[in-house]
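There are 2 protein chains.
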Amino acid sequence: MRAMNLTLLTDLYELTMMQGYFKNPTHQIVVFDVFYRTNPCKGGYAIAAGLEQVVEYIKDLHFTSDDIAYLKSLHIFEQDFLDYLKGFFFSGDIYAIPEGTVVFPQEPLLKVVAPVMEAQLIETAILNIINHQSLIATKASRIVYAAKGAGIMEFGLRRAQGPDAGIFGARAAMIGGCVGTSNVLTGQMFDVPVLGTHAHSWIMSFSDEYTAFKTYADMYPDACTLLVDTYDTLKSGVPNAIRVFREMKDAGHPLTHYGIRLDSGDLAYLSKEARKMLDAAGFTDATIAASSDLDEYLIDSLKTQGAKIDSWGVGTNLITSSGHPAFGGVYKMAAIRDRDAAEFTPKIKLSENTEKVTNPGNKTIYRIYSKATGKIRADLICLAEESFDEAQDMIIFDPIDTWKRTKIVGGTYALRELLVPVFLKGECVYQSPTVMEIRDYCRKELDTLWDETRRLMNPSEVYVDLSDRLYELKKALLEEMGSASIK
Amino acid sequence: MRAMNLTLLTDLYELTMMQGYFKNPTHQIVVFDVFYRTNPCKGGYAIAAGLEQVVEYIKDLHFTSDDIAYLKSLHIFEQDFLDYLKGFFFSGDIYAIPEGTVVFPQEPLLKVVAPVMEAQLIETAILNIINHQSLIATKASRIVYAAKGAGIMEFGLRRAQGPDAGIFGARAAMIGGCVGTSNVLTGQMFDVPVLGTHAHSWIMSFSDEYTAFKTYADMYPDACTLLVDTYDTLKSGVPNAIRVFREMKDAGHPLTHYGIRLDSGDLAYLSKEARKMLDAAGFTDATIAASSDLDEYLIDSLKTQGAKIDSWGVGTNLITSSGHPAFGGVYKMAAIRDRDAAEFTPKIKLSENTEKVTNPGNKTIYRIYSKATGKIRADLICLAEESFDEAQDMIIFDPIDTWKRTKIVGGTYALRELLVPVFLKGECVYQSPTVMEIRDYCRKELDTLWDETRRLMNPSEVYVDLSDRLYELKKALLEEMGSASIK
Numbered sequence: 340m341r342a343m344n345l346t347l348l349t350d351l352y353e354l355t356m357m358q359g360y361f362k363n364p365t366h367q368i369v370v371f372d373v374f375y376r377t378n379p380c381k382g383g384y385a386i387a388a389g390l391e392q393v394v395e396y397i398k399d400l401h402f403t404s405d406d407i408a409y410l411k412s413l414h415i416f417e418q419d420f421l422d423y424l425k426g427f428f429f430s431g432d433i434y435a436i437p438e439g440t441v442v443f444p445q446e447p448l449l450k451v452v453a454p455v456m457e458a459q460l461i462e463t464a465i466l467n468i469i470n471h472q473s474l475i476a477t478k479a480s481r482i483v484y485a486a487k488g489a490g491i492m493e494f495g496l497r498r499a500q501g502p503d504a505g506i507f508g509a510r511a512a513m514i515g516g517c518v519g520t521s522n523v524l525t526g527q528m529f530d531v532p533v534l535g536t537h538a539h540s541w542i543m544s545f546s547d548e549y550t551a552f553k554t555y556a557d558m559y560p561d562a563c564t565l566l567v568d569t570y571d572t573l574k575s576g577v578p579n580a581i582r583v584f585r586e587m588k589d590a591g592h593p594l595t596h597y598g599i600r601l602d603s604g605d606l607a608y609l610s611k612e613a614r615k616m617l618d619a620a621g622f623t624d625a626t627i628a629a630s631s632d633l634d635e636y637l638i639d640s641l642k643t644q645g646a647k648i649d650s651w652g653v654g655t656n657l658i659t660s661s662g663h664p665a666f667g668g669v670y671k672m673a674a675i676r677d678r679d680a681a682e683f684t685p686k687i688k689l690s691e692n693t694e695k696v697t698n699p700g701n702k703t704i705y706r707i708y709s710k711a712t713g714k715i716r717a718d719l720i721c722l723a724e725e726s727f728d729e730a731q732d733m734i735i736f737d738p739i740d741t742w743k744r745t746k747i748v749g750g751t752y753a754l755r756e757l758l759v760p761v762f763l764k765g766e767c768v769y770q771s772p773t774v775m776e777i778r779d780y781c782r783k784e785l786d787t788l789w790d791e792t793r794r795l796m797n798p799s800e801v802y803v804d805l806s807d808r809l810y811e812l813k814k815a816l817l818e819e820m821g822s823a824s825i826k
Numbered sequence: 340m341r342a343m344n345l346t347l348l349t350d351l352y353e354l355t356m357m358q359g360y361f362k363n364p365t366h367q368i369v370v371f372d373v374f375y376r377t378n379p380c381k382g383g384y385a386i387a388a389g390l391e392q393v394v395e396y397i398k399d400l401h402f403t404s405d406d407i408a409y410l411k412s413l414h415i416f417e418q419d420f421l422d423y424l425k426g427f428f429f430s431g432d433i434y435a436i437p438e439g440t441v442v443f444p445q446e447p448l449l450k451v452v453a454p455v456m457e458a459q460l461i462e463t464a465i466l467n468i469i470n471h472q473s474l475i476a477t478k479a480s481r482i483v484y485a486a487k488g489a490g491i492m493e494f495g496l497r498r499a500q501g502p503d504a505g506i507f508g509a510r511a512a513m514i515g516g517c518v519g520t521s522n523v524l525t526g527q528m529f530d531v532p533v534l535g536t537h538a539h540s541w542i543m544s545f546s547d548e549y550t551a552f553k554t555y556a557d558m559y560p561d562a563c564t565l566l567v568d569t570y571d572t573l574k575s576g577v578p579n580a581i582r583v584f585r586e587m588k589d590a591g592h593p594l595t596h597y598g599i600r601l602d603s604g605d606l607a608y609l610s611k612e613a614r615k616m617l618d619a620a621g622f623t624d625a626t627i628a629a630s631s632d633l634d635e636y637l638i639d640s641l642k643t644q645g646a647k648i649d650s651w652g653v654g655t656n657l658i659t660s661s662g663h664p665a666f667g668g669v670y671k672m673a674a675i676r677d678r679d680a681a682e683f684t685p686k687i688k689l690s691e692n693t694e695k696v697t698n699p700g701n702k703t704i705y706r707i708y709s710k711a712t713g714k715i716r717a718d719l720i721c722l723a724e725e726s727f728d729e730a731q732d733m734i735i736f737d738p739i740d741t742w743k744r745t746k747i748v749g750g751t752y753a754l755r756e757l758l759v760p761v762f763l764k765g766e767c768v769y770q771s772p773t774v775m776e777i778r779d780y781c782r783k784e785l786d787t788l789w790d791e792t793r794r795l796m797n798p799s800e801v802y803v804d805l806s807d808r809l810y811e812l813k814k815a816l817l818e819e820m821g822s823a824s825i826k
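Protein sequence lines correspond, in order, to chains A and B. Per our numbering, the very first residue in the first sequence carries number 340; after that it's consecutive. Per our numbering, the very first residue in the second sequence carries number 340; after that it's consecutive.
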């Protein structure tokens, strides 16, 4: 039983709060921000992903009669509220940073401006989708970075946390830069390349390894990667593969896409030895693929050791983002106004931890690029109504350590607003690019980072600053709440 | 776009291998085992889960015309094979250990006996489902264990790895012993308790905390848990909650299910102080719930520190099994026979690592219980045709360290076969219990373990032994493959 309608994919408290608002009508329009506080895997950035699925979720929001009957059965909800739910649809605005964009902590990746009941219902599913796909896209981009141009194949479906984690995780992995996935359903749904050859069981179902290889090569001469570690990689697997390649060559096959796959053992040693054997036999263009519990650190290490591996299959550690399996995005109220009021009242959530105090107000983000290098100079979170003149100097400062200030000289930088409208008054105004288009865009996005920010360990941080007006507003609100914030 | 039909939820190589078998017809019937090698989180056991979803997946297996058209578009598959897929259905046998059973490494949790093409196609989805749910059920059981009788609420949907990870993760968490979930869709799909009250945004949308609490309490007097950490837990939150509880009491409410929730800060300190304040105000039966990046180790530590917490909401670390986010189940060929042959030929997969050598043959598992204590004495993996007499002594020995031997005296033990038929000749012969029934069964299962095996760190292992016949068979196969297995 697989749910198609995800309207009930929400936390119960969203519905109890909704009924609370329904029974105590406030007619409030609220602003909620989705943002995160720490980059995955101690990295220098994240990749925004999941927006297409958020759009589909919002478009499809509706309570079926089964949903209403179920909610009624909980004996928490009253009939007038359930009647309201029957006609529920999303009527608000959503702005978001496009998928594939590099993003940094504290920035609203998505902003909801909507009646409070609507904004509350959609919190959980939006977080679920954005958190998952942004996590996997980020992890994939790290693994792709480690491979330094060699292709990364996404092979994790069997270890993903359920069907969707496999399906949408592979989608996100493609956005992050993988060359293909083993997941056929993702291939079908998102028109991305699917890859794969055979398993150990193929070898074991034949009387011997040579016959298994030979049968496979006869079937798939144009995409012939032979798995060589079922019995003994160097004594049996590679020699049998070479025998089959030689027979193919002798039979006149052009041998364009062929090679071997290592799936266990010491990949550094085995790949170097296998390379020598293939080269000595004249198969210098045979590729060596490797898989076996890989992640960005292992690939980096194998590269350093001079492993002769041309492409990498990465499963478990990519599809679960092992080591950092949750993105940590949150959904926080930033402003509120009565339906008929012109202005939002900014809201702030206090915390004993300075970094956890939220940024108030209806905001947007400008990315500041250096005209000379095309790289990101800093990001600026500001109020939505602010505007800036690229001809003027800009002073940016760290919102935590405010004494750290830098002047960016007018004329040397270009600004880009990151949030784009996705829904306006409930109407979708955004057309998602294809996954392969997002993948291309993401590669260009990653080029706007210095290598010091992309590296796997101890990266340089990109500054995310607050505009003067936003900073003053935050300070004023903190002072206003004064006594409550002092322990 | 959410897929209902999961037939293409498979790795491409399953399909390329299927075509290989189709084109080189062998009429082979194969035995594949699903098993895992290491308990999650360095624990002493795992909980089998996910079988109900495997059953639904198998029942629903079929290639739609869209699926066929997509596969054709890949230019890998020939028309006769695609025609075969059009009529594809599962015609084999599946045996499995029922959900909620405690299980150990090397044991087949599920066994497929089917024509090789069918057995190959279903590998990936079966592993995906069993790996995910067994992981989360196991993690949940560890967290429940740490709470020593206080309820664990599953609150992880927003951090789960996609919708299914939230939906089926919550299902598995219930099997592992949670008292309820915040996930409304899981509540609807599986008839399990849903829980939750309100978020910080509820407090922030009112002019002050007291008004927010009061409004909530008026709405939900019979399930009134107030979140007290929006501004200042001890100076504002708890005093405002007490004021509201007092007003409810004065108004004649029976105050049966009420209390506070802590969601940040030092939970040990805050819970003890809040307890004192509630008690001093006469609300000794007000409960204190806590949430905030909890896991089994933190709960254990807070218990040791004497935290006064009656129930726990656990999100991220439960729903992602943080620290160990993949179960590692594999699907290995164990035996093969021609369709008309009576006997299976056992198969073994070698490895440089002794523990990774597979167990050959068509097998089953007997659990050996001590009649005196009801606890598990050991598990015995044997060939399917073997039988044992409980009146006879039984010698068990460790399959790795074979010198470790123990005699179990006849008459003192009881045997139970763990694998039960689920599909026979393609027909489903198994009726899944409800999730709450599985949860009850799982609690009894956990009682068959000694506390030394359940404890969170450095648990005692339960022996999983091979029968003499299986051990001799494995040894003979290893010797037969002799030269290949010696490096």
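Glycine residues also receive a C-beta, built at the ideal position from the N, C-alpha and C atoms.
- Of the other Cβ atoms in all chains shown, 16 or more fall within 10 Å of the Cβ of W651(A); this residue is therefore buried.
- In terms of beta-carbon proximity, Q770(B) stays away from the interface with chain A, with every pair separated by 8 Å or more.
- A Cβ of chain A is located within less than 8 Å of the beta carbon of H539(B).
- If you look at M513(A), you'll find it in the alpha helix (DSSP H) that goes 502-514.
- Chain B places no beta carbon closer than 8 Å to that of T377(A), leaving this residue out of the contacts.
- Minimum Cα-Cα distance from A486(A) among the listed residues I638(A), F736(A), L448(A), V803(A) corresponds to I638(A).
- If you draw a straight line from the Cα of L757(B) to the Cα of V768(B), it comes to about 16 Å.
- About 7 Å separates the Cβ atoms of V373(B) and L466(B), confirming a contact at the 8 Å cut-off.
- For E756(A), the enclosing beta strand (DSSP E) stretches over residues 752-756.
- With contact defined as three or more Cβ pairs closer than 8 Å, the stretch 471-478 of chain A and the stretch 697-710 of chain A are not in contact.
- Between G508(B) and S480(B), the CB-CB gap reaches or exceeds 8 Å.
- Counting of Cβ neighbours within 10 angstroms places Y752(A) among the buried residues, the total reaching 16 or more.
- For V533(B), the closest Cβ of chain A is nearer than 8 Å.
- About 7 Å separates the beta carbons of T554(B) and F545(B), which is inside the 8 Å limit, making them a contact pair.
- When C-beta distances to chain B are compared with 8 Å, the residues of the stretch 510-521 of chain A below that value are S521, in chain order.
- The Cβ of L816(A) sits no closer than 8 Å to any Cβ of chain B.
- If you check the CB distance, I468(B) and V451(B) do not come in under 8 Å.
- Within the same chain, and ignoring the five residues on either side of P454(A) in sequence, the residues whose Cβ sits closer than 8 Å to its Cβ are H366, Q367, I368, V369, S430, G431, R678.
- Residue range 563-566 is occupied by the beta strand (DSSP E) that includes C563(B).
- For A387(B) against I436(B), the beta-carbon gap comes to about 5 Å, under 8 Å, which counts as contact.
- Contact between the stretch 668-685 of chain A and the stretch 700-714 of chain A is present: three or more C-beta pairs spanning the two stretches fall below 8 Å.
- For the 8 Å CB-CB criterion, A538(A) and Y352(B) form a contact.
- In the three-state DSSP reduction, D405(B) falls in the helix class (H, G or I).
- In the DSSP assignment, F361(A) falls within the alpha helix (DSSP H) that extends over 351-362.
- Cβ-Cβ separation between I627(A) and I599(A): approximately 6 Å, consistent with a contact (criterion under 8 Å).
- Short of 8 Å from the beta carbon of E462(A), and not among the five residues preceding or following it, lie these beta carbons of its own chain, in chain order: T349, D350, E353, F371, Y670.
- G749(A) places its beta carbon less than 8 Å from that of D732(A).
- Note on geometry: alpha-carbon atoms of T403(B) and D561(A) lie some 28 Å from one another.
- Distance from the CA of G439(A) to the CA of V774(A), rounded to the nearest whole angstrom, comes to 9 Å.
- Judged by their CB atoms, S640(A) and D602(A) are not nearer to each other than the 8 Å cut-off.
- By the C-beta criterion, the stretch 494-505 of chain B is judged to be in contact with the stretch 656-666 of chain B, since at least 3 inter-stretch pairs fall below 8 Å.
- A Cβ of chain B is located within less than 8 Å of the beta carbon of Y570(A).
- Considered as a whole, the stretch 392-451 of chain A harbours 404-412, 418-425 as its complete alpha helix (DSSP H) runs of no fewer than 4 residues, in chain order.
- The beta carbon of M456(B) sits closer than 7 Å to the beta carbons of M357, Y360, F361 from its chain, once the five residues preceding and following it are set aside; these are given in chain order.
- Scanning P664(B), G667(B), I397(B) for the CA closest to the CA of K764(B) turns up I397(B).
- For a Cβ distance threshold of 9 Å, nothing in chain A lies close to L449(B): the least Cβ distance comes to about 13 Å.
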